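First up is the structure itself, then whatever we jot down about it.
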Amino acid sequence: MTIKKVGIIGIGNVGRHVMLDLVNQGIPDEIVLVDLKDEKSRCEATDINAGMAYMPNRVKVYAGTYEDLADASLIVTSFGKIELTSVGNDRNGEMPFTIDAARKVGAKLKACGFHGVLIDITNPCDVISHKLAEILGLPRGRVFGTGTGLDTARLLYRLSADSGVDQRSITAYMLGEHGVAVFAPLSVVSFHGVPLAELAKDNPKLRYSQKAISKAIFDDAWAVCDVKHCTEHGIAATAARMAKVVLNDEKTIMPASAPLDGEYGEKAVFAGVPCLLGKDGIERILELPLTPDEKAVFHDCCESIRQNIAKAETFGEYKA
Ligand SMILES: NC(=O)c1ccc[n+]([C@@H]2O[C@H](COP(=O)([O-])OP(=O)(O)OC[C@H]3O[C@@H](n4cnc5c(N)ncnc54)[C@H](O)[C@@H]3O)[C@@H](O)[C@H]2O)c1
382 MTIKKVGIIG IGNVGRHVML DLVNQGIPDE IVLVDLKDEK SRCEATDINA GMAYMPNRVK
442 VYAGTYEDLA DASLIVTSFG KIELTSVGND RNGEMPFTID AARKVGAKLK ACGFHGVLID
502 ITNPCDVISH KLAEILGLPR GRVFGTGTGL DTARLLYRLS ADSGVDQRSI TAYMLGEHGV
562 AVFAPLSVVS FHGVPLAELA KDNPKLRYSQ KAISKAIFDD AWAVCDVKHC TEHGIAATAA
622 RMAKVVLNDE KTIMPASAPL DGEYGEKAVF AGVPCLLGKD GIERILELPL TPDEKAVFHD
682 CCESIRQNIA KAETFGEYKA
């Protein structure tokens, strides 16, 4: 019998919500919590175990070490310092801290011999996913980011509210960076095969412009951050869904931050695109039939991420 063991590294707002979603949905058998501050992972484990008697699934949750992560099937990284994003509402504000942390976390994971699938949440998500993949050196696709998975869920929510159709009957994507350089290609939005333009004929709410809807989705995130200084539920649901797909080898298509190597004409970059997810992580990258204008916007997004990847290299050890 194989035990489904998941590690979470960084048990702040996001990490503890990922833990809760994994337990409530009974996705793994075992969860190892690791944080820079041992007392945080210990307290979160004690707190969730206090409620296990009333939870729908019995999952073993404990604070552990990198040695405990060596044989994990899957690791979710959610380390960070969220207060650094509040300066100018910029996910890149965290980069000097998170790129240094990624180097340290990546080196420890490599040293302990971890060889499963890693899903990165830490921001800037595409840059950190790229760095962790580079350090771990696992087969392509084994390390990826939640990327535009969350942005896409936000888009689906809006499309559902405006059309009255359940999110699960809609195909739509946010592509590019989990950050500023992200957009919604409207040409590929469909309602189980019926194009958006068709439904928009008798529903004026669905007559979006690409720029306006992309900005609205971006603003939705910061409206939450302005009040609660973090987002946690949407991203936890996104990561838990990806974890379930990987652990159960579901072969589901979801947007994720993927290592592009020629797809969409892009190289040397991680960016949010539709991916086939299964036991090996990203098992295939799917290329959408974008219009020439959408292709150009996607290229600009990738350029922006590549610039951030290069910028990350200019940061040394983080000093508070
Ligand atoms: N990709 C997305 O869609 C998305 C959405 C929301 C948040 N985020 C990102 O997720 C990360 C976590 O957000 P949060 O609100 O939980 O932050 P937080 O500041 O509440 O928690 C971060 C945790 O990471 C720990 N940590 C820091 N450095 C570490 C290291 N080297 N090793 C282990 N643990 C370490 C901290 O002690 C802390 O407990 C941030 O980078 C945030 O920007 C991403």
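Take any residue in the sequence shown, note its place counting from 1, add 381, and you have its number in the working numbering. Yeah, the Cβ is synthetic: ideal placement off N, Cα and C, and Gly gets one too. It should be emphasised that the depicted structure is a prediction, and the values quoted were computed from it without experimental measurement.
Go ahead and pull the three-state DSSP assignment for residue 660.
Against the sequence shown, residue 660 aligns to sequence position 279. DSSP places residue 660 in coil when its eight states are reduced to three.
Can you tell which of 416, 390 and 444 has the C-alpha that lies nearest to the C-alpha of residue 429?
Mapped onto the sequence shown, residue 429 falls at position 48. Considering only alpha carbons, the answer is 444.
What do you reckon, are the CB atoms on residue 322 and residue 392 nearer than 8 angstroms?
Residue 322 lies beyond the range of the chain shown here (382 to 701); nothing can be said about it.
Taking Cβ positions, are residue 461 and residue 405 nearer each other than 8 angstroms?
For the purposes of this step, residue 461 is taken as the residue at position 80 of the sequence shown. For the purposes of this step, residue 405 is taken as the residue at position 24 of the sequence shown. Going by C-beta atoms, residue 461 is not nearer than 8 angstroms to residue 405.
When DSSP labels each residue in this structure, what does residue 679 get in the three-state scheme?
The count along the sequence shown starts at 1 and reaches residue 679 at position 298. The answer is helix: DSSP assigns residue 679 an H, G or I state.
What is the DSSP secondary structure of residue 502, reduced to helix, strand or coil?
What you label residue 502 is simply residue 121 of the sequence shown in a count that begins at 1. Residue 502 falls in the coil class under three-state DSSP.
Look at residue 704 and residue 532 and say whether their C-beta atoms are less than 8 angstroms apart.
This structure cannot speak to residue 704, because the chain is shown only from 382 to 701.
What is the residue span of the beta strand (DSSP E) that residue 633 lies within?
What you label residue 633 is simply residue 252 of the sequence shown in a count that begins at 1. That run of the beta strand (DSSP E) goes 633-642.
Since residue 443 sits in a beta bridge, which residues does DSSP pair it with?
Locating residue 443 in the sequence shown gives position 62, where the first residue counts as 1. 413, per the DSSP bridge assignment.
Using a Cβ-Cβ cut-off of 8 angstroms, state whether residue 514 counts as contacting chain D.
No chain D is present in this structure, which holds just one protein chain.
Closest to residue 451 by CA distance: which of 561, 496 and 646 is it?
Numbered from its first residue, the sequence shown carries residue 451 at position 70. If we check each option's Cα against that of residue 451, 496 comes out closest.
Mind reading off the beta-carbon distance from residue 407 to residue 438? Whole number of angstroms is fine, and I expect it under 8 angstroms.
Translated into positions along the sequence shown, residue 407 becomes position 26. Translated into positions along the sequence shown, residue 438 becomes position 57. Yes, they are in contact, since the Cβ atoms of residue 407 and residue 438 sit about 3 angstroms apart, within 8 angstroms.
Which of helix, strand or coil does DSSP assign to residue 386?
Residue numbering aside, residue 386 sits at position 5 when the sequence shown is read from its first letter. Residue 386: strand per DSSP, three-state reduction.
Tell me whether residue 578 sits in a helix, a strand or coil according to DSSP, three-state version.
As a first step, residue 578 must be located in the sequence shown, where it is residue number 197. Correct three-state label for residue 578: helix.
Would DSSP call residue 462 helix, strand or coil?
Position 81 of the sequence shown holds residue 462. In this structure, residue 462 counts as coil in the three-state DSSP scheme.
Would DSSP call residue 523 helix, strand or coil?
Residue numbering aside, residue 523 sits at position 142 when the sequence shown is read from its first letter. Coil, per DSSP.
Which residues mark the beginning and the end of the alpha helix (DSSP H) in which residue 591 is found?
Residue numbering aside, residue 591 sits at position 210 when the sequence shown is read from its first letter. From DSSP, the alpha helix (DSSP H) with residue 591 extends over 591-609.
I want to check one thing, is the minimum distance from the CB of residue 525 to the heavy atoms of ligand 1 below 7 angstroms?
The residue you call residue 525 lines up with position 144 of the sequence shown. No.
Within a Cβ cutoff of 7 angstroms, which residues of the same chain sit near residue 611, ignoring the five residues on either side of it in sequence?
Indexing the sequence shown from 1 puts residue 611 at position 230. Same-chain partners within the cutoff: 394 and 463.
Taking only three categories from DSSP, how would you classify residue 517?
Residue 517 sits at position 136 when you count from the first residue of the sequence shown. The answer is helix: DSSP assigns residue 517 an H, G or I state.
Could you tell me the boundaries of the alpha helix (DSSP H) in which residue 541 lies?
One-based indexing of the sequence shown puts residue 541 at position 160. Where residue 541 is concerned, the enclosing alpha helix (DSSP H) stretches over 530-544.
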